[in-house]
Each structure stands twice: as structure tokens, then as C-alpha cells.
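Protein chains in written order, with the working numbering: chain A, 74 to 206; chain B, 74 to 206. These notes concern the structure reproduced below.
Number of protein chains: 2
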Amino acid sequence: MLKLSKKVEYGLIAIRHIASVNNQISTVKEISEKYSIPSDVLAKVMQKLTKGKLITSHQGAMGGYTLARGADQISVMNVISVIEGSQMGIAQCFSEEPENCSIYLNCTIKNPLGKIQHNLELVFNSMKVSEIV
Amino acid sequence: MLKLSKKVEYGLIAIRHIASVNNQISTVKEISEKYSIPSDVLAKVMQKLTKGKLITSHQGAMGGYTLARGADQISVMNVISVIEGSQMGIAQCFSEEPENCSIYLNCTIKNPLGKIQHNLELVFNSMKVSEIV
DNA sequence: TTAAATACGACTTGTGTAGTCCTATTTCAT
DNA sequence: ATGAAATAGGACTACACAAGTCGTATTTAA
Ligand code: SF4
Ligand code: SF4
């Protein structure tokens, strides 16, 4: 609970790695071996990051990945959103239809939790990959 | 991912409720009906909050629960810790033995994630139940 | 003595996480 | 052309956790 998924961690490690080698093209094999990450899992993470336009893929032999923008313009929140495929929500009613929560109408904590949600967004948005290198 | 559990939400709703009726004794039945919470689930949540000394139980007929301290001295973090039974950790290495993570030695993001962890703790610690009433 | 309440363990069901396996496609280099 | 190196992506398994249900024991006021 309240834990980042391994996929997100792998994504952060990979992006930070590419930034650390000055945005030179990097492969899944290279990264997975260097950080002991299962290559199949990392491969799918990279594909999601590509679809999310955080990195750019270069297919074929001698291919790999490079960053799609500066490391100072990629936040932890960006990585979370792209990999999870949805907005981060501290409670059900923030990430899906509020009506899905059977308690919604009687709920007395959604507003205060909204404040917490907002503060968490500030934290994740303000931490950029460039600070991690 | 990064979502509070229903147990925690139920705990917050219950504690807020007791505070809202000026710390008068309140029963599981009363709270579960008022907020449409499954009573069995709420019952176990209340037992955990009791063991965690956030609320006090009064057994037997005419029994129920009251707060064990002022609503301004119960934080959202307190509720999370007591109900989850462990410290909140944004990554495995913050809530259990770091060695459990097979990547730990090669991990390049644990320090930056530590900063995020610290900021999240600030957010959850600063929000008190008294602000929710 | 009875009824109302908490205490607590066992169980089921559903969802999500992490990882594996297999195949297709793209592209560079020979 | 061909083969090797790389990304693309679907199908599947194993496991852990979340949420809820059920049954029973214990406590205590009236
Ligand atoms: S409505 Fe209340 S209970 Fe339902 S998800 Fe939002 S916060 Fe949680
Ligand atoms: S060590 Fe790195 S990868 Fe392992 S849990 Fe901590 S942060 Fe996540």
C-alpha cells in the first residue's frame, strides 16, 4: 500500500541511466544487465515510456533508446502516469469515476483527502530526473 | 498503486465520526450503518485502532469506542501505521529489510526516493483528524 | 439471565504485481 | 540477400494483497 510498483522503479532507473550517459543510445540488454533488472519486464516498461513520449526508440540493430526531452523536464509524476496508464489517485474517487465508490455520497473524508492528493502531486511533480543523476 | 486501502479510509471515517459527536461513545453498528461500511470489516479496523491506542474500547452492552486522545493529536499517518501494521514505505527498502530488494546494491534511485518518502511523511503527519471534522 | 456489544480466527473471492515465454518486426552490417 | 541485433507486443503463470464473509467466544449493563 502506497508503494511504487517495480515497473515505475525500473523506468526511473532506466531514464536516469540514459541521462547519466549523456543521452547516448542505450539498449534494454545493457540496462537490464547493469542494474540486474529482468530484461523482459524492462522491455515492456521501455515500450510504455516510448508510447508516453518520454523516450524515443530506435529500432533494428544498433538501436536502443534515447530521452525524448531534457532530464530536467521529466518528473517522477510523468513516469508514474505513463507507466501506470492512469492518473495517480490516493483514493478510488480521484482516479476513476466517483460513483464507483459505493460510499461516495456519505463519505466525509474525500475533501481532506483531496488536499493530501494535491500535496502529493506537488511532491511527485517537483522531483525531476535531472535531480536523480 | 499509491492508493490508501479501504481499511484506512474506514478508520479515518470512524475516528472523524467519533470526534464529530464530541467523543461520545459510538458503536460499530451505528457507524457502519451511517456510512454504509460493512460492519465486519469495520469491526476489525476498530480493533486495530484500539490495539494501536488511538481509540479506547468499552466492552459489553452499552459499549463502543471513544477517542484515546484529542482529534488534533491523531494524524493520518498514525491511522495508516496502526492499521497497516508497519511503517509507510514508498519502496520496499523503506518498509522492510533493504537486503530484500535484489537490486539494492545497484539501485541508483533509493536516495532520491528517500527524499520523496520524507516529503510524503510530512504531508501525512501534518494532516490531523481535527482538520477533517 | 439475557441482550448488546467487542474480540478474533478461518475462509473465500477478486484484483493487481511481477515475471516468463514466444513470436513478429525492423534495420544495420556484411 | 542474409543474418544478427535490437525493439514490439501478446499470452500465460505464480504469487501476494485487498476486501469481504462467516462463525464463535467473551464481556458487561440492565
Ligand atoms: S469517496 Fe471517500 S471512500 Fe470512496 S474513495 Fe473517495 S475517499 Fe475513499
Ligand atoms: S533499492 Fe531501489 S529498487 Fe530496491 S526497493 Fe529501494 S528503491 Fe526500489
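Here a beta-carbon is modelled for each residue, glycine too, at the ideal position from N, C-alpha and C. Small disclaimer: the values here were computed from a predicted structure and weren't measured.
Handout entry: C-alpha distance - K107(B) paired with N173(A), whole-angstrom precision
Key = 19 Å
Handout entry: Within-8 Å CB hit, M161(A) to chain B
Key = yes
Handout entry: Distance cut-off 7 Å: Q70(A) Cβ against heavy atoms of ligand 1
Key = Nothing can be reported for residue 70(A), as the shown portion of chain A is limited to 74 through 206.
Problem - CA nearest to the CA of I147(B), picked from A92(B), L77(B), K80(B), M74(B) - result: A92(B)
Practice task
With 8 Å as the limit, tell me which residues of the stretch 157 to 188 of chain A have their beta carbon closer than that to any beta carbon of chain B; keep them in chain order.
Solution key: E157, M161, G162, I163, A164, Q165, S168, S175, I176, N179, C180, T181, I182, P185, L186, K188
Practice task
Tell whether a beta-carbon distance below 8 Å holds between G162(B) and K76(A).
Solution key: yes
Handout entry: Min CB distance I110(B) to chain A below 8 Å
Key = yes
Handout entry: beta strand (DSSP E) runs contained entirely in the stretch 128 to 180 of chain B, provided each spans 3 or more residues
Key = 128 to 131, 137 to 140
Handout entry: Contact under 8 Å by Cβ, L115(B) with I104(B)
Key = yes
Practice task
Verify the CB distance criterion: does K76(B) have a CB-CB separation below 8 Å to chain A?
Solution key: yes
Handout entry: Residue closest to V81(B), alpha-carbon to alpha-carbon, out of L122(B), M74(B), S109(B)
Key = L122(B)
Practice task
Using a cut-off of 9 Å between C-beta atoms, extract the partners of V94(B) located in chain A.
Solution key: In chain order: nothing, as chain A lies at least about 12 Å away.
Practice task
Check each candidate in N96(A), N95(A), D145(A) and name the one with the smallest Cα separation from V202(A).
Solution key: D145(A)
Handout entry: S99(A) in three-state terms, based on DSSP
Key = strand
Problem - Segment contact flag, the stretch 164 to 172 of chain A with the stretch 130 to 143 of chain B, C-beta cutoff 8 Å, min 3 pairs - result: no
Exercise for the section: Answer with buried or exposed for N151(A), where buried requires no fewer than 16 other C-beta atoms within 10 angstroms of its C-beta. Expected result: buried
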